[in-house]
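First up is the structure itself, then whatever we jot down about it.
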Amino acid sequence: MQYQLRLILKPTDYIPALSLITDVSLSLFLTMSLMSSQLRTLAGVTRLVMVLLLFQLRDKFKSNCQHEPGDRAL
Numbered sequence: 007m008q009y010q011l012r013l014i015l016k017p018t019d020y021i022p023a024l025s026l027i028t029d030v031s032l033s034l035f036l037t038m039s040l041m042s043s044q045l046r047t048l049a050g051v052t053r054l055v056m057v058l059l060l061f062q063l064r065d066k067f068k069s070n071c072q073h074e075p076g077d078r079a080l
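7 is the number of the first residue of the sequence shown in our numbering; add one for each residue after it.
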């Protein structure tokens, strides 16, 4: 008797994880490498822009992803 496990990865599954990893790594890099207050402000603005772009990218993938009625990701 054989069992098969089918795992379907769709863009909506990995885009939030990717945005979280990118956000955390970017914030750690900018916090550790920049010390003056002006540069920290610039880093905060850059981080905010990156996060907004990642959210727009995630929403674009969500709107483009077509789900079949029988498909179900595990």
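We put the CB at the ideal spot given by N, CA and C, even for glycine.
Alpha-carbon to alpha-carbon, residue j and residue i
i	j	result
threonine 47	aspartate 65	27 angstroms
lysine 68	leucine 45	34 angstroms
methionine 56	leucine 63	10 angstroms
phenylalanine 61	alanine 49	18 angstroms
valine 51	leucine 58	11 angstroms
serine 43	arginine 53	15 angstroms
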